[in-house]
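Before any comments, here is the structure.
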Amino acid sequence: MNVVELWRFPVKSMGGTRVDTLRIDRRGVHADRLWAVRDVEKGVTASARRIPVLLQCSARYAAEPTEDAGPGNVPAVVITMPDGREFDGVDPEADAALSELVGREVRLVALPAPKDTSAHRMSLQTSLDNFAADQVRRDFGLGDTDELPDTSVFSTRQMVTLARYSTPPGTFVDLSPVHVLTTASLRSLSADGNPYDVRRFRPNVLVDIDADGFPESAWVGGEVRLGAVVLSVTNPTIRCVVPTRPQPGVELDTSLTRRLAERTDRFLGIYADVATPGTVRVGDDVSARQAEPPGVVQRATAAAGKAATRGLQKVLEATVLRTRS
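Take the sequence shown: its letter number 206 is residue 206 in the UniProt record's numbering, and every next letter is one higher.
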(Lines of atoms letter the chains of each structure in order from A and count residues from 1; the text may use other names and numbers.)
(Lines give C-alpha, C1' and ligand atoms only; values in the text may rest on other atoms or scores of the structure.)
Protein backbone atom coordinates (compact mmCIF):
# COMPACT_ATOMS: atom_id res chain seq x y z
CA MET A 1 0.00 0.00 0.00
CA ASN A 2 1.14 3.53 -0.64
CA VAL A 3 -0.07 7.13 -0.52
CA VAL A 4 -1.31 8.09 -3.97
CA GLU A 5 -3.03 11.45 -3.33
CA LEU A 6 -2.93 14.12 -0.63
CA TRP A 7 -5.53 16.88 -0.24
CA ARG A 8 -5.78 20.04 1.82
CA PHE A 9 -8.95 22.13 1.98
CA PRO A 10 -8.27 25.76 2.94
CA VAL A 11 -12.01 26.56 3.21
CA LYS A 12 -14.59 24.16 4.60
CA SER A 13 -17.03 22.91 1.92
CA MET A 14 -15.08 24.42 -1.00
CA GLY A 15 -12.84 22.64 -3.47
CA GLY A 16 -9.38 21.96 -2.12
CA THR A 17 -5.80 21.71 -3.27
CA ARG A 18 -4.01 18.51 -4.25
CA VAL A 19 -0.50 18.59 -2.81
CA ASP A 20 2.63 16.43 -2.81
CA THR A 21 3.26 16.64 0.94
CA LEU A 22 1.14 17.15 4.03
CA ARG A 23 2.39 18.07 7.45
CA ILE A 24 0.32 16.34 10.11
CA ASP A 25 0.58 17.72 13.63
CA ARG A 26 -1.29 16.94 16.84
CA ARG A 27 -4.28 18.97 15.63
CA GLY A 28 -4.50 17.04 12.37
CA VAL A 29 -3.65 18.11 8.83
CA HIS A 30 -1.69 21.34 9.02
CA ALA A 31 -3.59 24.31 7.52
CA ASP A 32 -6.63 22.18 6.66
CA ARG A 33 -9.95 24.00 6.85
CA LEU A 34 -8.65 27.13 8.56
CA TRP A 35 -11.45 29.13 6.90
CA ALA A 36 -15.19 28.59 6.70
CA VAL A 37 -18.30 30.34 5.46
CA ARG A 38 -20.49 31.75 8.23
CA ASP A 39 -24.24 31.73 7.67
CA VAL A 40 -25.03 35.10 9.22
CA GLU A 41 -28.79 34.59 9.14
CA LYS A 42 -28.68 31.24 10.95
CA GLY A 43 -25.63 32.01 13.08
CA VAL A 44 -23.78 28.78 12.21
CA THR A 45 -20.81 27.58 10.23
CA ALA A 46 -22.13 26.74 6.77
CA SER A 47 -21.75 23.32 5.16
CA ALA A 48 -22.25 21.97 1.66
CA ARG A 49 -24.92 19.71 3.17
CA ARG A 50 -27.20 22.74 3.42
CA ILE A 51 -25.53 25.10 0.90
CA PRO A 52 -24.35 22.81 -1.92
CA VAL A 53 -23.36 25.69 -4.21
CA LEU A 54 -20.27 26.18 -2.01
CA LEU A 55 -18.80 23.11 -3.72
CA GLN A 56 -18.76 25.12 -6.95
CA CYS A 57 -16.14 27.40 -5.37
CA SER A 58 -12.51 26.51 -4.75
CA ALA A 59 -9.84 27.88 -2.45
CA ARG A 60 -6.07 28.03 -2.25
CA TYR A 61 -3.62 29.75 0.06
CA ALA A 62 -1.98 32.87 -1.30
CA ALA A 63 1.34 31.45 -0.08
CA GLU A 64 2.38 28.18 1.52
CA PRO A 65 1.26 28.32 5.17
CA THR A 66 4.04 28.75 7.71
CA GLU A 67 4.69 26.19 10.43
CA ASP A 68 2.94 28.32 13.04
CA ALA A 69 -0.26 28.69 10.98
CA GLY A 70 -3.34 27.50 12.82
CA PRO A 71 -6.26 28.70 14.95
CA GLY A 72 -5.91 32.41 15.58
CA ASN A 73 -3.04 32.68 13.07
CA VAL A 74 -4.68 31.95 9.74
CA PRO A 75 -2.87 32.56 6.42
CA ALA A 76 -4.41 34.53 3.56
CA VAL A 77 -6.66 32.61 1.23
CA VAL A 78 -7.83 33.19 -2.35
CA ILE A 79 -11.38 32.19 -3.34
CA THR A 80 -12.31 31.26 -6.91
CA MET A 81 -15.99 31.71 -7.72
CA PRO A 82 -17.91 29.49 -10.18
CA ASP A 83 -17.62 32.20 -12.85
CA GLY A 84 -13.84 32.36 -12.45
CA ARG A 85 -13.63 35.57 -10.44
CA GLU A 86 -11.04 35.52 -7.66
CA PHE A 87 -11.16 37.33 -4.33
CA ASP A 88 -8.83 37.71 -1.41
CA GLY A 89 -10.50 36.12 1.61
CA VAL A 90 -10.45 39.35 3.64
CA ASP A 91 -11.83 41.47 0.78
CA PRO A 92 -15.41 42.59 1.61
CA GLU A 93 -16.23 41.92 -2.03
CA ALA A 94 -15.64 38.23 -1.37
CA ASP A 95 -18.43 38.24 1.21
CA ALA A 96 -20.69 40.14 -1.17
CA ALA A 97 -20.01 37.70 -4.01
CA LEU A 98 -20.59 34.67 -1.79
CA SER A 99 -23.79 36.16 -0.39
CA GLU A 100 -25.07 36.75 -3.91
CA LEU A 101 -24.18 33.18 -4.87
CA VAL A 102 -25.85 31.64 -1.81
CA GLY A 103 -28.88 33.91 -1.82
CA ARG A 104 -28.52 35.20 1.74
CA GLU A 105 -25.91 36.91 3.84
CA VAL A 106 -22.78 34.87 4.48
CA ARG A 107 -19.18 35.80 5.16
CA LEU A 108 -15.79 34.15 5.24
CA VAL A 109 -14.38 33.68 8.72
CA ALA A 110 -10.95 32.58 9.87
CA LEU A 111 -10.59 29.90 12.53
CA PRO A 112 -10.25 31.65 15.90
CA ALA A 113 -8.01 30.63 18.77
CA PRO A 114 -9.15 27.37 20.45
CA LYS A 115 -10.56 29.09 23.54
CA ASP A 116 -12.88 31.20 21.37
CA THR A 117 -15.92 29.00 20.66
CA SER A 118 -18.02 31.76 19.09
CA ALA A 119 -17.57 30.33 15.58
CA HIS A 120 -18.69 26.88 16.71
CA ARG A 121 -21.57 27.34 19.15
CA MET A 122 -25.16 26.74 18.11
CA SER A 123 -28.36 27.91 19.72
CA LEU A 124 -30.53 25.29 21.39
CA GLN A 125 -33.16 25.75 18.69
CA THR A 126 -30.62 25.22 15.91
CA SER A 127 -29.42 22.04 17.62
CA LEU A 128 -32.99 20.77 17.95
CA ASP A 129 -33.68 21.60 14.31
CA ASN A 130 -30.52 19.76 13.23
CA PHE A 131 -31.73 16.56 14.91
CA ALA A 132 -35.28 16.76 13.57
CA ALA A 133 -36.00 13.66 11.48
CA ASP A 134 -36.94 15.62 8.37
CA GLN A 135 -33.71 17.60 8.51
CA VAL A 136 -31.59 14.49 9.12
CA ARG A 137 -33.20 12.88 6.07
CA ARG A 138 -32.36 15.91 3.95
CA ASP A 139 -28.79 16.01 5.25
CA PHE A 140 -28.29 12.36 4.29
CA GLY A 141 -30.34 12.41 1.08
CA LEU A 142 -32.85 9.91 2.48
CA GLY A 143 -36.43 9.25 1.50
CA ASP A 144 -39.38 9.23 3.87
CA THR A 145 -39.21 5.45 4.36
CA ASP A 146 -35.42 5.11 4.66
CA GLU A 147 -34.00 4.25 8.06
CA LEU A 148 -32.19 7.01 9.90
CA PRO A 149 -28.38 6.69 10.08
CA ASP A 150 -26.87 4.48 12.77
CA THR A 151 -24.89 6.77 15.06
CA SER A 152 -23.78 4.05 17.48
CA VAL A 153 -20.29 4.12 15.91
CA PHE A 154 -19.77 7.49 17.58
CA SER A 155 -18.76 7.94 21.19
CA THR A 156 -21.05 9.75 23.60
CA ARG A 157 -18.51 12.59 23.65
CA GLN A 158 -18.70 12.89 19.86
CA MET A 159 -22.50 12.88 19.92
CA VAL A 160 -22.58 15.61 22.55
CA THR A 161 -20.12 17.67 20.49
CA LEU A 162 -22.30 17.30 17.40
CA ALA A 163 -25.32 18.41 19.40
CA ARG A 164 -23.62 21.49 20.90
CA TYR A 165 -21.41 22.77 18.08
CA SER A 166 -21.59 23.18 14.32
CA THR A 167 -17.95 22.02 14.29
CA PRO A 168 -15.74 20.94 17.22
CA PRO A 169 -14.11 23.93 18.95
CA GLY A 170 -10.66 24.68 17.57
CA THR A 171 -11.37 23.28 14.13
CA PHE A 172 -13.68 23.57 11.12
CA VAL A 173 -13.65 19.81 10.36
CA ASP A 174 -16.93 17.97 10.81
CA LEU A 175 -15.72 15.51 13.42
CA SER A 176 -12.14 14.18 13.21
CA PRO A 177 -8.80 15.73 12.26
CA VAL A 178 -7.72 13.29 9.51
CA HIS A 179 -9.82 11.56 6.86
CA VAL A 180 -8.42 8.56 4.94
CA LEU A 181 -9.89 6.65 1.98
CA THR A 182 -8.62 3.82 -0.23
CA THR A 183 -8.71 3.28 -3.99
CA ALA A 184 -10.18 -0.16 -3.29
CA SER A 185 -13.27 1.44 -1.77
CA LEU A 186 -13.68 3.80 -4.72
CA ARG A 187 -13.55 0.81 -7.08
CA SER A 188 -15.70 -1.54 -5.02
CA LEU A 189 -18.46 1.00 -4.51
CA SER A 190 -18.86 1.50 -8.25
CA ALA A 191 -21.43 -0.60 -10.08
CA ASP A 192 -19.43 -0.71 -13.34
CA GLY A 193 -15.91 -1.04 -11.98
CA ASN A 194 -14.94 2.52 -12.83
CA PRO A 195 -13.85 4.11 -9.54
CA TYR A 196 -15.73 7.08 -8.20
CA ASP A 197 -13.97 10.44 -8.36
CA VAL A 198 -12.15 10.92 -5.06
CA ARG A 199 -13.22 14.57 -4.99
CA ARG A 200 -16.75 13.48 -4.10
CA PHE A 201 -15.56 12.21 -0.72
CA ARG A 202 -13.01 14.91 0.21
CA PRO A 203 -10.39 12.82 2.06
CA ASN A 204 -7.03 14.19 3.13
CA VAL A 205 -5.22 10.96 2.22
CA LEU A 206 -5.99 8.50 -0.57
CA VAL A 207 -4.24 5.14 -0.15
CA ASP A 208 -3.68 2.88 -3.15
CA ILE A 209 -4.29 -0.77 -2.33
CA ASP A 210 -4.70 -3.80 -4.57
CA ALA A 211 -7.66 -5.37 -2.82
CA ASP A 212 -11.38 -5.92 -3.12
CA GLY A 213 -14.10 -4.54 -0.89
CA PHE A 214 -13.60 -1.79 1.64
CA PRO A 215 -10.37 -2.68 3.47
CA GLU A 216 -10.06 0.43 5.62
CA SER A 217 -13.23 -0.49 7.51
CA ALA A 218 -11.18 -3.22 9.22
CA TRP A 219 -8.71 -0.63 10.50
CA VAL A 220 -11.16 1.01 12.92
CA GLY A 221 -9.77 0.71 16.42
CA GLY A 222 -6.28 0.05 15.08
CA GLU A 223 -3.46 2.15 13.67
CA VAL A 224 -2.35 3.26 10.21
CA ARG A 225 1.23 4.27 9.44
CA LEU A 226 1.71 6.74 6.57
CA GLY A 227 5.47 7.03 6.17
CA ALA A 228 6.59 8.31 9.58
CA VAL A 229 3.09 9.41 10.64
CA VAL A 230 0.96 7.13 12.80
CA LEU A 231 -2.81 7.57 13.01
CA SER A 232 -5.22 6.06 15.53
CA VAL A 233 -8.36 5.09 13.63
CA THR A 234 -11.43 6.14 15.58
CA ASN A 235 -14.51 5.76 13.36
CA PRO A 236 -15.75 4.73 9.95
CA THR A 237 -16.73 7.83 7.98
CA ILE A 238 -20.50 8.20 7.81
CA ARG A 239 -21.64 9.69 4.51
CA CYS A 240 -24.14 12.51 4.21
CA VAL A 241 -25.57 13.93 0.99
CA VAL A 242 -22.40 15.87 0.03
CA PRO A 243 -20.82 13.13 -2.17
CA THR A 244 -23.87 13.26 -4.46
CA ARG A 245 -23.54 17.01 -5.04
CA PRO A 246 -22.16 18.44 -8.30
CA GLN A 247 -18.88 20.33 -8.35
CA PRO A 248 -16.50 21.34 -11.15
CA GLY A 249 -15.76 18.18 -13.12
CA VAL A 250 -18.14 16.07 -11.01
CA GLU A 251 -21.79 15.62 -11.95
CA LEU A 252 -24.84 15.27 -9.71
CA ASP A 253 -25.34 11.60 -8.76
CA THR A 254 -28.38 11.02 -6.58
CA SER A 255 -28.02 7.23 -6.98
CA LEU A 256 -24.90 7.31 -4.82
CA THR A 257 -26.92 7.61 -1.61
CA ARG A 258 -28.72 4.33 -2.32
CA ARG A 259 -25.49 2.64 -3.37
CA LEU A 260 -23.76 3.61 -0.14
CA ALA A 261 -26.71 2.34 1.89
CA GLU A 262 -26.78 -1.00 0.08
CA ARG A 263 -23.03 -1.65 -0.03
CA THR A 264 -21.57 -0.07 3.11
CA ASP A 265 -24.46 0.92 5.41
CA ARG A 266 -23.59 4.56 4.51
CA PHE A 267 -19.95 4.36 5.65
CA LEU A 268 -16.92 4.89 3.41
CA GLY A 269 -13.41 5.74 4.57
CA ILE A 270 -12.13 6.29 8.09
CA TYR A 271 -11.61 9.09 10.58
CA ALA A 272 -8.45 9.17 12.65
CA ASP A 273 -6.63 11.02 15.40
CA VAL A 274 -2.89 11.68 15.30
CA ALA A 275 -0.68 9.37 17.38
CA THR A 276 2.69 10.35 15.88
CA PRO A 277 2.98 13.65 13.97
CA GLY A 278 5.19 14.11 10.93
CA THR A 279 5.15 14.71 7.19
CA VAL A 280 3.38 12.50 4.65
CA ARG A 281 4.47 12.44 1.02
CA VAL A 282 2.89 10.99 -2.11
CA GLY A 283 4.50 7.59 -2.60
CA ASP A 284 5.03 6.89 1.10
CA ASP A 285 4.45 3.31 2.18
CA VAL A 286 1.32 2.60 4.19
CA SER A 287 0.76 -0.17 6.71
CA ALA A 288 -2.20 -0.94 8.94
CA ARG A 289 -2.34 -2.68 12.28
CA GLN A 290 -5.80 -3.89 13.14
CA ALA A 291 -7.07 -3.68 16.68
CA GLU A 292 -6.20 -6.57 18.97
CA PRO A 293 -9.14 -8.81 19.85
CA PRO A 294 -10.56 -7.29 23.03
CA GLY A 295 -10.38 -9.04 26.37
CA VAL A 296 -13.29 -9.47 28.72
CA VAL A 297 -12.89 -6.04 30.34
CA GLN A 298 -12.40 -4.30 27.00
CA ARG A 299 -15.46 -6.03 25.53
CA ALA A 300 -17.55 -5.01 28.50
CA THR A 301 -16.32 -1.42 28.30
CA ALA A 302 -16.96 -1.24 24.56
CA ALA A 303 -20.42 -2.75 24.96
CA ALA A 304 -21.26 -0.26 27.69
CA GLY A 305 -20.08 2.63 25.53
CA LYS A 306 -22.07 1.44 22.53
CA ALA A 307 -25.13 0.89 24.72
CA ALA A 308 -24.81 4.42 26.07
CA THR A 309 -24.57 5.86 22.56
CA ARG A 310 -27.52 3.80 21.37
CA GLY A 311 -29.44 4.94 24.41
CA LEU A 312 -28.66 8.53 23.52
CA GLN A 313 -29.80 7.91 19.96
CA LYS A 314 -33.07 6.40 21.22
CA VAL A 315 -33.65 9.47 23.36
CA LEU A 316 -33.01 11.69 20.36
CA GLU A 317 -35.29 9.59 18.16
CA ALA A 318 -38.04 9.79 20.77
CA THR A 319 -37.67 13.56 21.09
CA VAL A 320 -35.96 15.80 18.56
CA LEU A 321 -35.46 13.06 15.94
CA ARG A 322 -39.14 12.22 15.79
CA THR A 323 -40.96 13.11 12.63
CA ARG A 324 -43.03 16.22 13.22
CA SER A 325 -46.58 16.20 11.98
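Think of the CB as a built atom: it goes at the ideal place given N, C-alpha and C, for glycine as much as any other residue. If you're wondering where the values come from, they're calculated on a predicted model, not measured in any experiment.
In the DSSP output, what is Asn2 paired with across the bridge?
Start at 1 with the first residue of the sequence shown, and residue 2 comes out as number 2. Answer is Asp208, Asp285, bridged to Asn2.
Does the Cβ of Gln125 have 16 or more other Cβ atoms within 10 Å, making it buried, or fewer, making it exposed?
Start at 1 with the first residue of the sequence shown, and residue 125 comes out as number 125. With fewer than 16 Cβ atoms within 10 Å of its Cβ, Gln125 is classed as exposed.
Write down every uninterrupted run of the beta strand (DSSP E) in the segment 243-283 whose length is 3 residues or greater and which is fully enclosed by it, in chain order.
Segments of the beta strand (DSSP E) lying fully in the segment 243-283: 267-276, 278-281.
Quick one: what's His179 bridged to in DSSP?
Counted from its first residue, the sequence shown places residue 179 at position 179. Its beta-bridge partners are Tyr271.
Using 8 Å for Cβ pairs, my map puts Ala62 next to Ala76. What's the rounded Cβ distance?
Here residue 62 corresponds to residue number 62 of the sequence shown, with the count starting at 1. Here residue 76 corresponds to residue number 76 of the sequence shown, with the count starting at 1. With a Cβ gap of about 4 Å, Ala62 and Ala76 count as contacting.
Other residues of its chain near Ala272: CB distance less than 7 Å, five sequence neighbours each side excluded
Within the sequence shown, numbered from 1, the residue matching residue 272 stands at position 272. Close CB contacts of Ala272 within its chain, under the 7 Å cut and outside five residues either way in sequence, are with Ser176, Val178, Val180, Val224, Leu231, Ser232, Val233, Thr234 (chain order).
Please report the straight-line C-alpha distance between Gly16 and Pro243, rounded to a whole angstrom.
Within the sequence shown, the letter at position 16 stands for residue 16. Within the sequence shown, the letter at position 243 stands for residue 243. Rounded to whole angstroms, Gly16 to Pro243 spans 14 Å at the Cα level.
Helix, strand or coil: how does DSSP classify Asn130 here?
As a first step, residue 130 is located in the sequence shown; it is residue number 130 there, counting from the start. Residue state, collapsed to three classes: helix.
Straight-line Cα distance separating Gly141 from Leu148:
For the purposes of this step, residue 148 is identified with residue 148 of the sequence shown, where counting begins at 1. For the purposes of this step, residue 141 is identified with residue 141 of the sequence shown, where counting begins at 1. Between Leu148 and Gly141, the C-alpha separation is close to 11 Å.
Measure the alpha-carbon distance for Ile238 versus Trp219 and round it to whole angstroms.
As a first step, residue 238 is located in the sequence shown; it is residue number 238 there, counting from the start. As a first step, residue 219 is located in the sequence shown; it is residue number 219 there, counting from the start. The alpha-carbon atoms of Ile238 and Trp219 are separated by roughly 15 Å.
Candidates Gly89, Arg157, Val250, Arg23, of which the one nearest Ala69 by Cα
The residue you call residue 69 lines up with position 69 of the sequence shown. Comparing Cα positions, the closest option is Arg23.
So Pro195 and Leu206 are in contact, right, with Cβ under 8 Å, and what is the actual spacing, rounded?
Counted from its first residue, the sequence shown places residue 195 at position 195. Counted from its first residue, the sequence shown places residue 206 at position 206. The Cβ separation is near 10 Å, so there is no contact.
Does DSSP put Leu101 in a helix, in a strand, or in coil?
Numbered from its first residue, the sequence shown carries residue 101 at position 101. Of the three classes helix, strand and coil, the one that applies to Leu101 here is helix, per DSSP.
Tell me Leu22's beta-bridge partners as DSSP assigns them.
Position 22 of the sequence shown, counted from the start, is the residue given in the question as residue 22. Leu22 is bridged to Val280.
As a quick exercise: from Val198, Thr183, Arg202, Ala191, pick the residue whose alpha carbon is nearest that of Ile209.
Within the sequence shown, residue 209 is the residue found at index 209, counting from 1. Selected option, being the one with the closest Cα: Thr183.
Between Asp284 and Val44, is the Cβ-Cβ spacing less than 8 Å?
The residue given as residue 284 occupies position 284 in the sequence shown. The residue given as residue 44 occupies position 44 in the sequence shown. Cβ atoms of Asp284 and Val44: not closer than 8 Å.
What residue from Val241, Pro248, Pro215 has the CA that sits closest to Ser287's CA?
The count along the sequence shown starts at 1 and reaches residue 287 at position 287. The shortest C-alpha to C-alpha distance from Ser287 to any of Val241, Pro248, Pro215 is the one to Pro215.
Could you give the residue range of the alpha helix (DSSP H) that holds Val160?
Working through the sequence shown from its first residue, we reach residue 160 at position 160. For Val160, the enclosing alpha helix (DSSP H) begins and ends at 156-164.
If I follow the unbroken beta strand (DSSP E) through Arg107, where does it start and stop?
Numbered from its first residue, the sequence shown carries residue 107 at position 107. First-last of the beta strand (DSSP E) with Arg107: 106-110.
Can you name the start and end residues of the beta strand (DSSP E) that Trp35 belongs to?
Within the sequence shown, numbered from 1, the residue matching residue 35 stands at position 35. That run of the beta strand (DSSP E) goes 35-39.
Excluding the 5 residues flanking Arg200 on each side, which residues of the same chain have their C-beta closer than 7 Å to its C-beta?
Mapped onto the sequence shown, residue 200 falls at position 200. Cβ within range, chain order: Pro243, Val250.
For Pro236, the first and last residue of its enclosing beta strand (DSSP E):
Mapped onto the sequence shown, residue 236 falls at position 236. Pro236 -> beta strand (DSSP E) spans 229-238.
From what residue to what residue does the beta strand (DSSP E) around Ala59 run?
Within the sequence shown, residue 59 is the residue found at index 59, counting from 1. Segment 58-61, the beta strand (DSSP E) holding Ala59.
Can you tell me where the beta strand (DSSP E) holding Asp88 begins and where it ends?
Numbered from 1 along the sequence shown, position 88 holds the residue referred to as residue 88. Residues 86-88.
With burial defined as no fewer than 16 other Cβ atoms inside 10 Å of the residue's Cβ, what is the status of Gln247: buried or exposed?
Taking the first residue of the sequence shown as position 1, residue 247 is located at position 247. Looking at its Cβ environment, which holds 16 or more other Cβ atoms inside 10 Å, Gln247 is buried.
Exposed or buried, which one is Arg33 when buried takes at least 16 other CB atoms within 10 Å?
Numbered from its first residue, the sequence shown carries residue 33 at position 33. Its Cβ being crowded by 16 or more others within 10 Å, Arg33 is buried.
Are the Cβ atoms of Thr21 and Thr276 separated by less than 8 Å?
Here residue 21 refers to the residue found at position 21 when the sequence shown is read from its first residue. Here residue 276 refers to the residue found at position 276 when the sequence shown is read from its first residue. Not in contact: Thr21 and Thr276 (Cβ atoms no closer than 8 Å).
Beta-carbon of Val4 versus every beta-carbon of chain B: anything under 8 Å?
Going by chain labels, chain B is absent from the structure shown, which holds only one protein chain.
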